[in-house]
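Q:
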Amino acid sequence: MDELLPPNLIKLRHVAKDITDQVLAPEAQKVDENAQWPSHAFEALAQADLMGLHVPKRLGGHEQGLLALAAIIETLAQGCSSSALCYAMHCVGSAVIASKATRYQQDKYLVPIADNRHITTLALSEAGTGAHFYLPQTQLSRVDGHFDIHGTKQFVTNGGHADSYVISTQVSGQTSGGGDFNCLMVDHDTPGIRWLPDWRGFGMRGNSSRGMQLDQVQVPTNNLLGEEGDQIWYVFEVITPYFLTAMAATYTGLALASLNQTIDQISHRTYSHAGNGLADQDVIQYRVAQMKIAVDRCRALLYRAAYLVDQGHPEALTQIMMAKAESADTAVYVTNEAMSCCGGRAYQDNDAQARRLRDARAAHVMSPTTDLLKLWIGRQALGMPLL
Ligand SMILES: Cc1cc2nc3c(=O)[nH]c(=O)nc-3n(C[C@H](O)[C@H](O)[C@H](O)COP(=O)(O)OP(=O)(O)OC[C@H]3O[C@@H](n4cnc5c(N)ncnc54)[C@H](O)[C@@H]3O)c2cc1C
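The working numbering numbers the first residue of the sequence shown as 26 and each following residue consecutively.
1) Enumerated in chain order, which unbroken segments of the beta strand (DSSP E) with a length of 3 residues or greater are wholly contained in the stretch 131-189?
2) Is it the case that the Cβ atoms of His171 and Pro245 are separated by a distance below 7 Å?
3) With distances taken between CB atoms, is the gap from Thr146 to Met114 smaller than 7 Å?
4) Straight-line CA distance for Thr360 to Ala371?
5) Closer than 6 Å: is that where the CB of Asn207 sits relative to any heavy atom of ligand 1?
6) Quick test of the definition: if touching needs 3 or more C-beta pairs under 8 Å, does the stretch 266-280 touch the stretch 206-223?
7) How is the beta strand (DSSP E) around Pro245 delimited, first residue to last?
8) What three-state label does DSSP hand Asn361 in the structure shown?
9) Please give me, in chain order, every unbroken run of the alpha helix (DSSP H) with length at least 4 that falls completely inside the stretch 51-89.
10) What's the gap between the Cα of Leu250 and the Cα of Leu209?
11) Assign Thr265 to one of two classes, buried (16 or more other C-beta atoms within 10 Å of its C-beta) or exposed (fewer than that).
12) Assign His338 to one of two classes, buried (16 or more other C-beta atoms within 10 Å of its C-beta) or exposed (fewer than that).
13) Would you kindly check if the distance between the Cβ of Ala331 and the Cβ of Leu91 is under 7 Å?
14) Based on Cα-Cα distance, which residue from Gly302, Gln47, Thr182 lies nearest to Trp62?
15) Regarding Leu149 and ligand 1, is the C-beta to nearest heavy atom distance less than 6 Å?
16) Okay, do the stretch 116-130 and the stretch 273-282 touch, 3+ Cβ pairs below 8 Å being the bar?
17) Grab me the residues of Val40's own chain with a C-beta within less than 6 Å of its C-beta, minus the 5 sequence neighbours each way, in chain order.
18) Under 6 Å: does the beta carbon of Met114 sit that close to some heavy atom of ligand 1?
19) Assuming the contact rule is C-beta atoms closer than 8 Å, Ala152 and Ile192 should be a hit. Round their C-beta distance to whole Å, please.
20) So the beta strand (DSSP E) Pro264 belongs to, where does it begin and stop?
21) What I want to know is whether the C-beta of Thr100 ends up closer than 6 Å to one or more non-hydrogen atoms of ligand 1.
22) From the DSSP output, read off the bridge partner residues of Thr295.
23) With respect to the beta strand (DSSP E) encompassing Arg225, which residues constitute its N-terminal and C-terminal limits?
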């Protein structure tokens, strides 16, 4: 896709490719086997000055948009999807902070992020509302010049490793889910945070996507991002486009890596009895064509959608929803096909192909889930309200 990217993004993508080949890919199997959070990936990304991708230039960052996010995450995911997802959540979190940061929030969070010494992440999801991530039940009360936060987040990627957490809560004083919410910053060492058991996921095993209990956690009122009840703006202007692009890029990169490895393995598989190879079989050629079409369709949707969001195009949100839904279908389809085409060896070895099959499954259940996205895309096409 370099043909569609401006020179500065091609450069950034090459930096990401070096990290992918030299740091992420060699460690990916270990990350998966040991469910190990990829600190090595963050060290390499920090060394390459990539932590402030969405931070404004005047604060030391790259001030990049969604096309850059798509290109970098898609590249990283080809080496290690867990590492790509962990970095993706940092990028989405930093974009949320940057969108309306006060001077205090710029100094406290964005400058250290741009200086490659601060990791942030997004903690929205809760057990009570599940896939409906835009309906937090975590409570917020305003007490003597600070906020008290009480509730439990689930599946917090980078949980226990990030320096700060962008969390969602109800607006202060609200007791039951009315749909309004706030975003605010919680620092990792704030008293009252308790981490629930270690992440032992079926896939994305390096993610450390843990539960986070917030028991009367006190944060200063200047940790509030934007205004109380700013949820429509945050959900549609920042969280949804950045999050969907990051997810779509992760699963597109994973599918592309799976396709490439499948082609390589098929090309090297020969038969002694017939003197030919697996690549000579018509059915295999057909299956590779189907996989390649699916991956290329997915990449085209992703890059076009990211470009349209960066341009502020009115169709952008629908396109980015489609890109994420398509990336989930494609990642699951391609990794499944890869396991068949690569035969018993892929099954026996439980190596990169099998790992990607397990990692791909997370795509459907990560919010906004494929079911919800398809409902929203259909409703929008029918001229109905999304929610
Ligand atoms: C690897 C991983 C990393 C994650 N990282 C983060 C993170 O960093 N931050 C964060 O906030 N969250 C994160 N999540 C959480 C994620 O975004 C979802 O919120 C969560 O997976 C939803 O799971 P659930 O079991 O609560 O789903 P449920 O709500 O129980 O849904 C189960 C299924 O039913 C479907 N469904 C539910 N309601 C409807 C409906 N009305 N119509 C149609 N279908 C419906 C859903 O699509 C889903 O497929 C992560 C999840 C995973 C697996």
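Quick reminder that beta carbons are idealized off the backbone N, C-alpha and C, glycines included. These numbers were taken from a predicted model, which means no experiment stands behind them.
A: On the basis of the supplied data:
1) 145-148, 164-168, 171-181
2) yes
3) yes
4) 11 Å
5) no
6) no
7) 235-245
8) helix
9) 64-72
10) 5 Å
11) buried
12) exposed
13) yes
14) Thr182
15) yes
16) no
17) Ala73
18) yes
19) At roughly 15 Å, the Cβ-Cβ gap does not stay under 8 Å, so Ala152 and Ile192 are not in contact.
20) The residue asked about is misnamed: residue 264 is Ile in this sequence, not Pro. No beta strand (DSSP E) holds Ile264; DSSP gives it neither H nor E.
21) no
22) Gly302
23) Careful: Arg225 lies outside any beta strand (DSSP E) and carries neither H nor E.
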